[in-house]
Structures are given as structure tokens and as C-alpha cells.
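Numbering-wise, the sequence shown is residues 1 to 363 according to the UniProt record's numbering. Some notes on the structure that comes next.
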Amino acid sequence: MSADNQAACFGHGGNVYAWAREHGREPAVVLDYSANINPLGLAPGVRAAISKAVGEVIHYPDAGAVMLKAAISSYYQVNAECITAGNGAVELLYVLTHTLRPQRVLIPAPAFSEYERAARAAGAGIEYAYLSPANNFTLDVAGLSRRLTSIDMVFIGNPNNPTGTLLTVGQLEQILFAAAQSGTIVVVDESFMDFIPGDREYTCRPLLKQYDNLVILHSLTKFYAIPGLRLGFALTQPALTARLHAAKDPWNVNSLAQAAGVAALSDQEYQGRSREIVHYEKDVLYTGLKAIPGTTPLPPAVNYILIRIQQTAARVCQAMAERNILIRDCSNYPGLSPYYIRVAVKLSEQNEKLLTQLEQVLR
């Protein structure tokens, strides 16, 4: 199997290098709407921190990630003993499932595909809680809670990817309470939470002290536009945190990523500007998508929009790729038909180009 065919098996967006090889072009010419990355790009302060840290690569990175954890602890108001730093949130997803070895895992569908991949890699059986397009893929909290009696682990994306739907902390606590009665681990993926202006209504972080069965995954890759570096963390009780530390590579977060994370979490100007711009542009893009005949976009909460179309996603994605625009074919998500695509939210000029080209393709 070729490298590109192997990569295709992962079924994710953002594979600009495979696209460039296939089309004989440079990655720089592509407009990548298939990956949900902050459109502001790399913050100047983060770029400077990475450059400054280059000289440190002659040493092993700090295995304890002490400065990074201190920055995470301060910014997110969590105990440092609850933090496991990772080479992206996905690495910690695999470390978690291989550490706990759940037998039965429940996943709302559609959801991020790595939940299932990580669980199956650890030997788990999968059950789906299918979300209905009739109510915009909103999770039935009571129905899911009733299913937990025979479940070892449940994954919940908040915001969910690819639907962009959000649960309040009150709704999540209903699930956590039911899960505590059945001994179920609740993994809440808050990887896109940083895009939410004022996340107090939605984040589970304040519940960490109360629920031993809560694990929060958080990516810094998306909001701070560093997918090529990989950086994320997990939050849970200190006892489980110690087990995750014992199971992972001791040098799993490289020196450049640690420096980038410390700088990123201190950049309040970038954080505020990012939330303001994405909040505005997502609404403008949503309005533009609704105006295109044959599209039914879901109301967005964060920096991506799921769209129901009348043509197959495969055909539309191919046609857009020929125009140097990558969008996400969502037909491989359990719970979605071949008629769904997802697009990221970018800046105004880029979004206008997307809308123009998509309207032409869908004619």
C-alpha cells in the first residue's frame, strides 16, 4: 500500500500533501477548508518562541513539561496534577484507551472518527448513539444516560465534530451523574472549546474535582494553528493522570511544541481577536451557504459548518479539489449519508471564494 493510500485510510481532512502529490502542485496553492484550523494562522509571538527554542533541540525535551503544564494550569484554572501533556489530543486518546482497556464503548454518531479507532485499537466493542438530522443532530441526553448501564466508556465531543453542536455543562453533568452510577468513564473532547466566547456555560473543567469518572481532552492545535507541531492535553483526577503518564512516551511533547504552547497561552490579544473574527465570519459564511440552492447548512457554534447537499459529497469534493479548494467529504462518518460535507470558517476573502466556487459546482 502506498503512503498516500495509507493516509487515505485515516479518513481525515487537512491532507494537503497527498493532494499536492496527486495533482502535481505545491501545497501552498491549495485553499484548505477540510481542516478546522484558526484562520488567523500562527501568532507572531508563537512563531518567535518556536524560533528561539530551535537551539534547544540538541537536548531532550522536558519530560515533565513543567512550564507548559504551569501555563495550562494558570490559563484554564486547573490543578497541574490533573494535566497530562500530549503530542496532540489524539495521542492521549490512544494512551487513555490502551491504559483503561474498556470492553464496551458508546459513541454518539456522527463524531470524530479517532474515538472509534482508538477504542477498537485497544480491543473495545463499539455501540453508536445515532443523532438525528431532524433535530440538527442534537444529543438526547436522557436517552444516552439510560444506555450507560453496560458501557465502560462514552465519548462526547463538545463542541461535536462534525456537527458543531454544543451541550451545556448542566446537560453534561446529567450524563456524568448517570455514568458515575454505572462505573462508566466519560471522555469529553473540548478540542474546539477555545473558539467559544465565554465557555463557562459549556466546559466541564469545574466538574473535575467532583467526578472521578471524567476525562477532558483538549487540543491546542486548532485554535493556535499549529497542526504541524501537535499539542494537546488531558485533564482528569491525579490518580488516573499518573497512570496516563506511566503509559505514554516520556518525551512525547517536543521542545518546540512546549515553547509554542507557553507562548500561545499568554497571548491574550490573539485569543480575543480569534474569537471575535471566527464568531463574525461563521455567521456570514452560514448566511452565504444558506443562499446557495441545494445546500442546507447546520447553524454553526464554532469554526466549521456541516452542510447537507443534493449531490454526492464525493463528486462535490472532487470538483472543488480541481479548483484548488479542499473540503471535507463526510460520507465516512457513521450516521451520515453520502450527501454531507463540512467546511471550515476562514477569513472573508477566502470565504467569498469558497461560496463562489461551491455555487458553481452545485449548479
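We put the CB at the ideal spot given by N, CA and C, even for glycine.
Identify whether residue i lies in helix, strand or coil by the three-state DSSP scheme.
i, result
"Leu217", "strand"
"Arg363", "coil"
"Asn63", "Note that residue 63 corresponds to Ala in the displayed sequence, not to Asn. Of the three classes helix, strand and coil, the one that applies to Ala63 here is coil, per DSSP."
"Val46", "helix"
"Arg104", "strand"
"residue 377", "The displayed coordinates of the chain run from 1 to 363. Any statement about residue 377 would go beyond what the structure contains."
"Thr236", "coil"
"residue 365", "This structure does not reach residue 365, given that the chain is present from 1 up to 363, and the question cannot be answered."
"Ala109", "strand"
"Ile58", "helix"
"Thr295", "strand"
"Ala70", "helix"
"Thr84", "strand"
"Gly164", "coil"
"Ala122", "coil"
Can you tell me whether residue i is buried or exposed? The criterion is at least 16 other CB atoms within 10 Å of its CB, across all chains shown.
i, result
"Met153", "buried"
"Pro293", "exposed"
"Gln181", "exposed"
"Tyr33", "buried"
"Met320", "buried"
"Val361", "buried"
"Glu91", "buried"
"Thr149", "exposed"
"Arg363", "exposed"
"Val345", "buried"
"Met67", "exposed"
"Arg200", "exposed"
"Ala259", "buried"
"Trp251", "exposed"
Can you list, in chain order, the residues of its chain with a C-beta nearer than 7 Å to that of residue i? Leave out the 5 residues immediately preceding and following it.
i, result
"Leu166", "Asn158, Pro159, Tyr202 and Ala301"
Check whether the Cβ of residue i lies closer than 7 Å to any heavy atom of the ligand SAH, and answer yes or no.
i, result
"Ile325", "No copy of the ligand SAH occurs in the structure displayed, which carries no ligand at all."
By Cβ distance below 6 Å, which residues in the same chain neighbour residue i in space, the five residues on each side in sequence not counted?
i, result
"Phe155", "Ile107, Tyr115 and Val187"
"Leu172", "Cys204"
"Arg243", "Thr99"
Between the options, which lies nearest to residue i when the distance is taken from Cα to Cα?
i, options, result
"Tyr270", "Gly24, Asp32, Gly45 and Ala28", "Gly45"
"Gln237", "Leu148, Leu217 and Pro197", "Leu217"
"Ile50", "Pro299, Ile226 and Tyr333", "Ile226"
"Tyr224", "Pro39, Ala20, Pro334 and Ile175", "Pro39"
"Glu359", "Asn79, Ala291, Pro299 and Ser331", "Ala291"
"Ala124", "Phe137, His98, Tyr333 and Leu144", "His98"
"Asn213", "Asp199, Ser191, Asp283 and Phe177", "Phe177"
"residue 365", "Gly55, Leu93, Ile341 and Leu96", "The question about residue 365 has no answer, for the chain in this structure spans 1 to 363."
"Leu72", "Pro338, Gln174 and Phe233", "With the sequence shown as reference, residue 72 is identified as Ile, and Leu is not the correct amino acid for it. Answer by Cα proximity: Phe233."
"Leu265", "Ala85, Ser74, Val253 and Gly55", "Ser74"
"Val262", "Ala121, Ala65, Val16 and Gly41", "Ala65"
"residue 364", "Leu256, Gln103, Pro27 and Thr241", "Only positions 1 to 363 of the chain appear in the structure, and residue 364 is not among them; the question remains open."
"Ala70", "Pro61, Cys82, Arg25 and Tyr60", "Cys82"
Please work out which residues of its chain come closer than 8 Å, Cβ to Cβ, to residue i, disregarding the five sequence neighbours upstream and downstream, and give them in chain order.
i, result
"Pro197", "Arg275, Glu276 and His279"
"Ala314", "Asp329, Ser331 and Pro338"
| field | Contiguous alpha helix (DSSP H) assignments of at least 4 residues, all confined to the segment 297–343 | value | 313–321
| Contiguous alpha helix (DSSP H) assignments of at least 4 residues, all confined to the segment 168–232 | 169–182
| task | Can you check the segment 13–37 for any alpha helix (DSSP H) of at least 4 residues that lies completely inside it and give the ranges in chain order? | result | 16–23
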